[in-house]
Structures are given as C-alpha cells and as structure tokens.
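Number of protein chains: 2
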Amino acid sequence: MSRNNAGLSPELIVTEALRIIDGMGLRNLTMRRLGDALKVEAMAIYHHFPLGKEQLYGAIVEYISDPARAAAPSGAEESGEEPGQDPRPWDERLRAWAHDYRAALLRHSGALPLMIHRRPDTAAALRSAELHYAAFLEAGLPPEEVPGAAAALDSYVLGAVVHQVRAEGLPSRDPAEVDGRFPTVAALRGVAVDHDRVFAAGLDALLAGLTARG
Amino acid sequence: MSRNNAGLSPELIVTEALRIIDGMGLRNLTMRRLGDALKVEAMAIYHHFPLGKEQLYGAIVEYISDPARAAAPSGAEESGEEPGQDPRPWDERLRAWAHDYRAALLRHSGALPLMIHRRPDTAAALRSAELHYAAFLEAGLPPEEVPGAAAALDSYVLGAVVHQVRAEGLPSRDPAEVDGRFPTVAALRGVAVDHDRVFAAGLDALLAGLTARG
DNA sequence: ATCCTAGACTTACCTCGTAAAGTCGGGGGG
DNA sequence: CCCCCCGACTTTACGAGGTAAGTCTAGGAT
Chain C
1 MSRNNAGLSP
11 ELIVTEALRI
21 IDGMGLRNLT
31 MRRLGDALKV
41 EAMAIYHHFP
51 LGKEQLYGAI
61 VEYISDPARA
71 AAPSGAEESG
81 EEPGQDPRPW
91 DERLRAWAHD
101 YRAALLRHSG
111 ALPLMIHRRP
121 DTAAALRSAE
131 LHYAAFLEAG
141 LPPEEVPGAA
151 AALDSYVLGA
161 VVHQVRAEGL
171 PSRDPAEVDG
181 RFPTVAALRG
191 VAVDHDRVFA
201 AGLDALLAGL
211 TARG
Chain P
1 MSRNNAGLSP
11 ELIVTEALRI
21 IDGMGLRNLT
31 MRRLGDALKV
41 EAMAIYHHFP
51 LGKEQLYGAI
61 VEYISDPARA
71 AAPSGAEESG
81 EEPGQDPRPW
91 DERLRAWAHD
101 YRAALLRHSG
111 ALPLMIHRRP
121 DTAAALRSAE
131 LHYAAFLEAG
141 LPPEEVPGAA
151 AALDSYVLGA
161 VVHQVRAEGL
171 PSRDPAEVDG
181 RFPTVAALRG
191 VAVDHDRVFA
201 AGLDALLAGL
211 TARG
C-alpha cells in the first residue's frame, strides 16, 4: 500500500460507513471520521463517490435492502450462476424474504432515515420486486393486483421495523404521564409487546387478507 | 412589537419550521433560515427550545402525530371540554384515525426521518394509543392482544406512507434497467398502483386479520 | 530518462449549530 | 417618578461539517 493506493473500494467504504452508523448513529457519520476509519483522508472517498455524501447514502441504502445479500451472505456459489428458481412455495419465500429484510433493517436501524426519500429503482430493489411479483402470481392473484399486494407487504415490513425502533428508542425528556386521561392505556400498561411475535402474526394476517379473495 | 418581543412561541416556531420542511426539505431547515422566516435572529429560537434543534425536532414530531389536531383543526369547541366518547363504532374510528394520520404524514413527508428514532411517549402519542386500545377492546380482542394489534396497525399506516413517499421520490441517477433478469417485473410494468386504494385495501385486510380470530 | 495519468492528499471556503455575553424595554417596588 | 430587574431577542465567536480546487506521488508508457 503506497501512499496513493490505500485499497479503497465502494463496497469497503459502505461497510465501514455502516459500522460507524451502527456504532454511533447516522449523525456521527462524517466524511472525516469515515476517512479516519479507512486510514485515508476524507477527500479520498470522493474518488469512489464523486457525487458526495448523497451518493454514499444511496449506496448504503442499496446495500441494506439487497435480498441477494441475505440469500447468499458468504462468497459466491460454486458456479457464480444466477440463483434460478427457488423451489419453496410462494408463501414460504415471502416469509423468508420478510424475515431477512426485517433483520437487515433492524441490524442497521440507524440508516433507516436514509431510506425514506430514495426511490427503490436500484438493482437491489428490482430483485426484491421480482421476488414479490413472482410469489404473488404463484399465489393466484390476478396480475393487476400484484403490484398493490407487493406494496402492502413492503409497507408492512418497513413499518413494523420503524414501529419497533421507535418503541425501543431512548425515552424523551419529560415523557407524558399516563394519568386519568388515558384509562385504557393505564389498564393495559402491564402487557408487554413481543415484537417478533407481533410481526409474525401481522404478517400472517396481511398475507391471508391479500391473497384470500372471493 | 418592540425589539425584544417579536411574538415568538413554540407553536409558531414549529409551524414555520414545517413550512420550511415542506417547501425545501428537512436538510434545508436551519436555525438561521428559520430565524429569517420568523423575522428574528437564529439564537432567539433557543429561548423557546433551550435544548436546541433536537428539541425542536421533537416538537415537530409531536405536532404532526397528534390526533387531537386532526379531530379539531379549527379553534376550540364551545366549552373547551375533553372530547368525551366518540359515538362511532370501533372500526370506523380506527379507519378515520388511519386516514387522518396518513394524511398528516403525507402532508409533511419531509419530516418522516425525524419520527424514526423518537419514542412515542408524548401526550400526542398517548392520545393515539388510547384511541387504539379502546377501539380494539370494543372489537372484542382479549386485552393481552390489544397492544400488539395497535402496534401492527400503527406499523401499517406508517409503512404505507413511507412506501408511497419512496415510490414517488425523485428517481436516482442511473436507475437499474428492467431487463431479462426481472421478467415478472417487466411483464407487470404497466400496472399502476393507486396508493389510496392499496392503502384502504391493505387496511381492511389487516383489521380483518387482527380481529377475526377463532 | 521523461512524461502522463489515476488515485490520494492538502488547503481553503462557506455553512451550520450553539455557547456566552450583550442589549433593550417594560413593569413593579421604592 | 425613578430605578432596577428580568425576560426576550441580538451579537459575537468558535469548532465541526461538506466539498471545490489544487497538489503530490508512484507506476506505466514512450
């Protein structure tokens, strides 16, 4: 590694950025700190992301939401082929996708704000859409209802993660008191929410509602 | 209004901040710009939000997610009383809440990233929870399942808004091409998604799945 | 040997959040 | 009527952030 070849690559930069986000939050991801972590001056990152931090953000979002990474987290399969047909039934495929996607979002929940205003038109997003569409077609949905069903499924998973992250966030200073104005909340205060279980139950409810139809 | 009374108030600051967010996006909400919009120096805002921008963010989130604002957008009702019992059936109340909440989130979608890591322990959040819990109890759910159902409902609405905002965001530079790798996506490319309709259908599916139980 | 080029480093500029101290005006006590 | 005090805004200033522009070095091509 001479002075002007630090071995940078977009992938390496993204994974290091995610380490920073996971460790100290999105607002502490700065170009200078990222450069330090990569043993490089901040401006070196601009050679791999010439459009600056926004482009880096986009790469981070695509990295997190790529279903191919969840399916094959280790190195390439033997022949490096396209994944081909998944032999599992449609609902099992969708559940597996939802589980993996949720896990990736929870692992990198600090990056969630980055996802909100980015259109899912990347290769990773198309891989997800292909998976969803094929599954819902196999489930017997009429084609004109498939994109809507896929949208509802995607909404649910992302929403569940955001809900859980909100619930587990740091309490705000002077949280509102649960007093007589909120009798039902007070009565049910002792009921704990198991996020994994609620997620699975809601997913079942949604899939059933989307595909069972007269 | 003399020099040292510009008529500032937290509410006024929040609404002006939202105007900026809606108009030019969250990253353009700066203290200096907000001060300019309020005809005040930036530091004046710190007298009403002494903890700085994070506190302002919290106030914005609470403003957006307060169901009381949607229920009574105009001035106080005659006697300024508590709203009391809502005579509508439980599912109608939940649908109305979901509709109003979704509308508020879509109107201020630029503020969505602020909501992700804030625990919903404000007075506004408790008002929502009270509404949800009472409705699901009225629907006949066993009490230990009520918080989970409320979580699933909240997840769905927030997720649907985020999904829609993502879909309608600006396209990224060099979006991925829909080629032979994505045959099902290509085949269904012409199907448009009506977000309002998909939202209503998914909401029906979810409510039915959550409350219909053996 | 000389030059070119790509990639990495350096410098510099402007903006941002906000700490600290200053300033102003009105209202209440003497 | 005067004074002073306090709350509301302003001034000043600093450190950190993103990034444009320029510089440097090593390695290959001539």
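Residue numbers (the UniProt record's numbering), protein chains in the order written: chain C, 1 to 214; chain P, 1 to 214.
In this text, a Cβ means the ideal position worked out from N, Cα and C, and glycines have one as well.
Does residue i come out as helix, strand or coil in the three-state DSSP assignment?
i         : result
Arg118(P) : coil
Asn5(P)   : coil
Val178(C) : coil
Thr30(P)  : coil
Val40(C)  : coil
His48(P)  : coil
Ser172(C) : coil
Asp91(C)  : helix
Gln85(P)  : coil
Thr15(P)  : helix
Arg197(P) : helix
Pro142(C) : coil
Val191(P) : coil
His108(P) : coil
Gly35(P)  : helix
Ser128(P) : helix
Ser65(P)  : coil
Ala186(P) : helix
Ala212(P) : coil
Gly148(P) : helix
Gly25(C)  : coil
Leu137(C) : helix
Is it right to say residue i is buried, meaning 16 or more other beta carbons lie within 10 angstroms of its own, or is it exposed?
i         : result
Ala98(C)  : buried
Ala192(P) : exposed
Pro67(C)  : buried
Thr15(C)  : exposed
Asp174(C) : exposed
Met24(C)  : exposed
Pro147(P) : buried
Asp204(P) : exposed
His47(C)  : exposed
Thr122(C) : buried
Gly209(P) : buried
Glu62(C)  : buried
Glu177(P) : exposed
Glu130(C) : buried
Leu12(P)  : exposed
Met43(C)  : exposed
Gly58(C)  : buried
Pro120(P) : buried
Glu113(C) : Per the sequence shown, the amino acid found at residue 113(C) is Pro instead of Glu. Buried.
Arg118(P) : buried
Arg166(C) : buried
Leu170(P) : exposed
State the CB to CB distance for the pair residue i and residue j, rounded to an integer number of angstroms; the pair is presumed to be in contact (CB under 8 angstroms).
i              : j         : result
residue 249(P) : Leu158(C) : No answer is possible for residue 249(P): it lies beyond the span of chain P, which begins at 1 and ends at 214.
Val126(P)      : Val185(C) : Strictly speaking, residue 126(P) in this sequence is Leu, with Val absent from that position. Sure, about 6 angstroms apart at Cβ, within 8 angstroms.
Ser128(P)      : Gly202(C) : Contact doesn't hold; Cβ gap of about 18 angstroms is too wide.
Gln164(P)      : His195(P) : 5 angstroms
Leu141(P)      : Thr30(P)  : That belief does not hold up - the Cβ atoms of Leu141(P) and Thr30(P) are roughly 46 angstroms apart, past 8 angstroms.
Gly110(C)      : Asp36(C)  : That belief does not hold up - the Cβ atoms of Gly110(C) and Asp36(C) are roughly 18 angstroms apart, past 8 angstroms.
Ala124(C)      : Ser65(C)  : 5 angstroms
Arg95(P)       : Val161(P) : Not confirmed; about 16 angstroms, so no contact.
What residues from the region 111-122 of chain P come within 9 angstroms of chain C, judged by C-beta to C-beta, listed N to C?
Leu112, Pro113, Leu114, Met115, Ile116, His117, Arg118, Arg119, Pro120, Asp121 and Thr122
Please identify, using Cβ separations under 7 angstroms, the residues of the region 159-183 of chain C that lie next to chain P, in order along the chain.
Gly159, Ala160, Val162, His163, Val165, Arg166, Ala167, Gly169, Leu170, Pro171, Ser172, Pro175, Ala176, Val178 and Phe182
Residues within the UniProt domain "HTH tetR-type" (13-60) of chain C neighbouring chain P, beta-carbon criterion of under 7 angstroms
Gly58
Anything in the region 137-150 of chain C with a Cβ closer than 7 angstroms to a Cβ of chain P? List those residues in chain order, please.
Leu137, Pro143, Glu144, Val146, Pro147 and Gly148
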